[in-house]
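**Student:**
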Amino acid sequence: MQQKGRTRRKACRLGRRSARRAGLRRRLRAEARGWACAALRMAAHRYYLSPAAYWKGQPEVELEARLPDSWGWRLHSNVPLRCEDGVCRVKLDRLPLEEWTISYASSKRLLFPINRQLFYNLCVLITAAALTLYGGDLARRLRRFWVSLIGSGLGLALVVVYIARLGGYPFEIILLPGLYGLVFLLQALYLKRLARQLKRLPARKPKDEPA
């Protein structure tokens, strides 16, 4: 009877471990899909703390993560951490319910506080289009074509600098230059049309000189 009870307990432990591993695999796959859809590349680490549950006594846990000295780094942890001067740490009197997972990324090339690739890239493209159209409208009012070049240049610079990912590796090697070229082509067509419109506008009448 004792042998059967031990065998059952071992089988239950093995079943729980396999279930935990299967759950972790599903979470890792889901997180990997999320990281692939990020506007900026993210580094992630998973630390297995559950083996400490088999140690003798109640384990105490101290977690610490140090970020690079350069500014712009953001860290996410499934265990809440207190961050100060680039050092994030926490002390726990018991093991967390989940394995410790942290991810971090640099926000230097992040124009908006969004790290979802699709929505972020759309926001940058809309901003670039707004700058281009505003420059063209201002050029019509002032009747100065060079004003539209400034707006278009700023819009293209936003796209090149702040859109760093598109579709994920290895497709972004082709898609990113293609996107830059498409934006440049659309701007060139718009500027060509704008130049024709400016030529068709009647010349301004000279202001009457004061008597």
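Counting in this note's numbering, the sequence shown runs from 142 upward without gaps.
Using N, Cα and C, we set each Cβ at its ideal position, and we do this for glycine too.
1) Given Lys249, which residues of its chain have a CB within under 6 Å of its CB, disregarding the five upstream and five downstream residues?
2) In whole angstroms, give me the CA-to-CA distance for Ser191 and Gln199.
3) Classify Tyr195: buried if its beta carbon has 16 or more other beta carbons within 10 angstroms, exposed otherwise.
4) If we count the other Cβ atoms within 10 Å of its Cβ and call it buried at 16 or more, is Arg306 buried or exposed?
5) Going by DSSP, what residues sit across from Thr268 in a beta bridge?
6) Rounded to the nearest angstrom, what separates Leu222 and Val228 at their Cα positions?
7) Is it a yes or a no for the segment 324-339 touching the segment 266-284, going by three-plus beta-carbon pairs under 8 Å?
8) Give the secondary structure of Val220 by DSSP, where H, G and I count as helix, E and B as strand, and everything else as coil.
9) Quick check on the DSSP output: the beta strand (DSSP E) that includes Trp241 runs from which residue to which?
10) For my contact list, Tyr188 and Leu252 are in at a C-beta cut-off of 8 Å; report their separation, rounded to the angstrom.
11) Can you check which of these residues, Glu201, Tyr261 and Ser218, is closest to Lys232 by C-alpha distance?
12) To the nearest angstrom, report how far apart Arg154 and Ser244 are at their CA atoms.
13) Hey, quick one: how far does the beta strand (DSSP E) through Glu203 stretch, first residue to last?
14) Give the secondary structure of Ala336 by DSSP, where H, G and I count as helix, E and B as strand, and everything else as coil.
15) Distance check for Gly308 and Leu279, CA to CA, integer angstroms please.
16) Please report the Cβ distance between Leu388 and Val300, rounded to the nearest whole angstrom; I am assuming they are in contact, meaning their Cβ atoms lie under 8 Å.
17) Taking C-beta to C-beta, are Asn256 and Leu181 nearer than 8 Å?
**Tutor:** On the basis of the supplied data:
1) Answer for Lys249: Gly213, listed in chain order.
2) If I take the Cα positions, the gap works out to 12 Å.
3) Counting of Cβ neighbours within 10 angstroms places Tyr195 among the exposed residues, the total staying below 16.
4) Arg306 should be labelled buried.
5) DSSP lists no bridge partner for Thr268.
6) Those two C-alpha atoms are separated by around 9 Å.
7) As far as the Cβ criterion goes, the segment 324-339 touches the segment 266-284, which means the pair count is three or higher.
8) DSSP places Val220 in coil when its eight states are reduced to three.
9) Note, Trp241: beta strand (DSSP E), Trp241 to Ser247.
10) Incorrect: roughly 32 Å between the Cβ atoms, too far for contact.
11) Taking the Cα of Lys232 as reference, the smallest distance to any Cα among Glu201, Tyr261 and Ser218 is reached at Glu201.
12) Because Arg154 carries a pLDDT of 48, less than 50, the predicted location of this residue cannot be relied on, and no value is offered for it.
13) For Glu203, the enclosing beta strand (DSSP E) covers residues Val202 to Arg207.
14) Reduced to three states, the DSSP call for Ala336 is helix.
15) Looking at the two C-alpha atoms, the distance is approximately 35 Å.
16) Not covered by the structure: residue 388. The range shown for the chain is 142 to 352.
17) It is a contact, given that the beta carbons lie within the stated cut-off.
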